[in-house]
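Engineer: Submitted below is the structure of interest, expressed as structure tokens.
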Amino acid sequence: MDWIKVTVYTTTEGIEPVSGRLMQLGITGLEIEDETEFKDFLEETKDYWDYVDDDLVKRMEGETRVIAYVSDDISGHELLTGIRGSIAELNGMNEDNIFGRLEVEIEGTRTEDWANVWKQYFHPIEIGQKLLIKPEWEELKEPTGRIVFNINPGMSFGTGSHQTTQLCLEQLEKYITPGCRMLDLGCGSGILSVVSLLLGAKEAFAVDIDPNCIDTAYENAAMNDIDRGVYTVISGNVVSDPDVKEILSQHKYEVVAANIVADVIIGLAPAAREYMKEGGVFITSGIIDGRQEEVKAALIEQGFEVVDMQRRKDWWSIVCK
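Going by this note's numbering, the letters in the sequence shown line up with residues 14 to 334, in that order.
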């Protein structure tokens, strides 16, 4: 299997939060290159070495780098997009720039080439009983009775290929009813909210901390003939941004979805409950295996009743009312 190297540029202080976010996405094998720790190591062990390679010293100069490797296939490329979104979210909390520039470098791939990279991996996918996810550059070989969602992922997470997204989409099939309102927390490409409209929701609202998601979500909505009159996408922090909270609190929602990571779902739980209609459902996914009981307990503590838990490979979805 081929692998892609991903480097996140940060600071010594940023090692722990960056590593934590990568591990939440299921990436456990990390390399850390940090000048401060390297110099401390040299100082502490100076009695045991006579020569330190100059190339090594030069490589360790400057910024701290957290390095990960993902598989060079459709799952790996979906994971790359998840990394970008999670690091962008961390950057939104990067007060006083203590975590550095938090830029993500993907070996051999320039940002402007990202959309083209998808095309060699991403093909139509049938999901659940009703849905067909189709990249906009593909043509269907034959007619289908499924609801077709056309998508260009751009640089935002959510194509339908990742297990976490599939788990969410299958739950949306069950719980979206004609005329309901849907709220997508951490919308990425907009896949969950736009699909909800295609399934019969009368309105959908989507929010993501990464402002790049606004254009991507609206473009995917337009690609599926969804009018902006029924679809609203905004950027900001749903927990701490008063403007975002004011916009979202104008309605109550029958369905709220969050396909993010365990810690963020735990943090979002009080806000999700606040926006939900009585009897509404909170569909969560992106929970790595081993964290599901912790998330379940946090949801119950916030007054939710867990009604379904589903697992696919290393990932869990929890649905609650």
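Idealized CB from N, CA, C, for every residue including glycine.
Please identify the residue among Glu108, Asp109, Leu103 whose C-alpha is closest to the C-alpha of Glu116.
Structural biologist: Your numbering for residue 116 matches position 103 in the sequence shown. Among Glu108, Asp109, Leu103, the Cα nearest to that of Glu116 is on Leu103.
Engineer: Helix, strand or coil: how does DSSP classify Ala214 here?
Structural biologist: Counted from its first residue, the sequence shown places residue 214 at position 201. Coil at Ala214, not helix or strand.
Engineer: As a quick exercise: from Gly280, Gly201, Gly141, pick the residue whose alpha carbon is nearest that of Glu314.
Structural biologist: Position 301 of the sequence shown, counted from the start, is the residue given in the question as residue 314. Measuring from the Cα of Glu314, the nearest candidate turns out to be Gly280.
Engineer: Can you name the residues that DSSP bridges to Ile80?
Structural biologist: Position 67 of the sequence shown, counted from the start, is the residue given in the question as residue 80. In DSSP, Ile80 forms a bridge with Thr20, Glu44.
Engineer: Figure out for me which residue from His175, Val220, Glu232, Arg159 has the closest Cα to the Cα of Ser330.
Structural biologist: By one-based count along the sequence shown, residue 330 stands at place 317. For the residues His175, Val220, Glu232, Arg159, the minimum Cα distance to Ser330 belongs to His175.
Engineer: Taking 8 Å as the cut-off, does the segment 262–281 touch the segment 149–165 (at least 3 CB pairs, one atom from each stretch)?
Structural biologist: Taking 8 Å as the limit for Cβ pairs, the verdict is that the segment 262–281 does not touch the segment 149–165.
Engineer: Return the chain-ordered ranges of every beta strand (DSSP E) run that is complete within the segment 184–272 and spans a minimum of 3 residues.
Structural biologist: DSSP runs (the beta strand (DSSP E)) wholly in the segment 184–272: 194–198, 216–221, 244–248, 266–272.
Engineer: Who does Ser88 pair with in a DSSP beta bridge?
Structural biologist: Translated into positions along the sequence shown, residue 88 becomes position 75. In DSSP, Ser88 forms no bridge with anything.
Engineer: Out of Glu149, Thr177, Glu155, point me to the one whose CA is closest to Asn165's CA.
Structural biologist: Counting from 1 along the sequence shown, the entry for residue 165 is found at position 152. Ranking the options by Cα distance to Asn165, first place goes to Glu149.
Engineer: Count the other CB atoms within 10 Å of the CB of Met106; is the residue buried (16 or more) or exposed (fewer)?
Structural biologist: Sequence index remark: in the sequence shown, residue 106 carries index 93 (1-based). Per the 10 Å Cβ criterion, exposed.
Engineer: Just checking, does the segment 82–96 make contact with the segment 29–43 on the three C-beta pairs under 8 Å criterion?
Structural biologist: Segments in contact, yes.
Engineer: Where does Leu312 fall in DSSP's three states?
Structural biologist: Residue mapping note: residue 312 aligns to position 299 of the sequence shown, counting from 1. Looking at Leu312 - three-state DSSP - the assignment turns out to be helix.
Engineer: Residues in the same chain with beta-carbon distance under 7 Å from Pro30, minus the five sequence neighbours each way, listed in chain order, please.
Structural biologist: Position 17 of the sequence shown, counted from the first residue, corresponds to residue 30. Correct list, in chain order: Leu103, Phe112.
Engineer: Can you list, in chain order, the residues of its chain whose CB lies under 8 Å from that of Thr19, leaving out five sequence neighbours each side?
Structural biologist: Sequence index remark: in the sequence shown, residue 19 carries index 6 (1-based). At residue 19 the sequence reads Val, which differs from the Thr that was named. For Val19, where only same-chain residues beyond five positions count, the Cβ hits under 8 Å are Ile80, Ala81, Tyr82, Val83, Leu93, Ile96, Val117, Glu118, Ile119, Glu120.
Engineer: Going by CA-CA distance only, name the one from Ile189, Met236, Thr172, Leu205 that's closest to Gly89.
Structural biologist: To locate residue 89, count along the sequence shown from 1; it is residue 76. Closest by alpha carbon: Thr172.
Engineer: Under three-state DSSP, which class holds Val274?
Structural biologist: For this step, residue 274 is matched to residue 261 along the sequence shown. Three-state DSSP puts Val274 in coil, outside helix and strand.
Engineer: Can the beta-carbon of Ala310 be found closer than 9 Å to that of Phe295?
Structural biologist: Against the sequence shown, residue 310 aligns to sequence position 297. Against the sequence shown, residue 295 aligns to sequence position 282. Their beta carbons are not under 9 Å apart, which means Ala310 does not touch Phe295 by this criterion.
Engineer: Who does Thr297 pair with in a DSSP beta bridge?
Structural biologist: Position 284 of the sequence shown, counted from the start, is the residue given in the question as residue 297. Paired residue(s): Ala271, Ile331.
Engineer: Would Val320 be called buried (16 or more neighbouring beta carbons within 10 Å of its own) or exposed?
Structural biologist: As a first step, residue 320 must be located in the sequence shown, where it is residue number 307. With fewer than 16 Cβ atoms within 10 Å of its Cβ, Val320 is classed as exposed.
Engineer: Count the other CB atoms within 10 Å of the CB of Asn110; is the residue buried (16 or more) or exposed (fewer)?
Structural biologist: Translated into positions along the sequence shown, residue 110 becomes position 97. Looking at its Cβ environment, which holds fewer than 16 other Cβ atoms inside 10 Å, Asn110 is exposed.
Engineer: Taking its Cβ as the centre, do 16 or more other Cβ atoms sit within 10 Å of Thr124, making it buried, or is it exposed?
Structural biologist: Within the sequence shown, numbered from 1, the residue matching residue 124 stands at position 111. The pLDDT assigned to Thr124 is 49, lower than 50, so where the model puts this residue is not dependable, and the model offers no usable value.
Engineer: Roughly how many angstroms lie between the CA atoms of Gly249 and Cys200, to the nearest whole one?
Structural biologist: Position 236 of the sequence shown, counted from the first residue, corresponds to residue 249. Position 187 of the sequence shown, counted from the first residue, corresponds to residue 200. Rounded to the nearest angstrom, the two C-alpha atoms are 11 Å apart.
Engineer: Is Glu29 helix, strand or coil when you go by DSSP?
Structural biologist: Working through the sequence shown from its first residue, we reach residue 29 at position 16. Helix at Glu29.
Engineer: Could you tell me the boundaries of the beta strand (DSSP E) in which Arg325 lies?
Structural biologist: As a first step, residue 325 must be located in the sequence shown, where it is residue number 312. From DSSP, the beta strand (DSSP E) with Arg325 extends over 319–325.
Engineer: Pull up the DSSP beta-bridge partners for Phe112, would you.
Structural biologist: Sequence index remark: in the sequence shown, residue 112 carries index 99 (1-based). DSSP lists no partner for Phe112.
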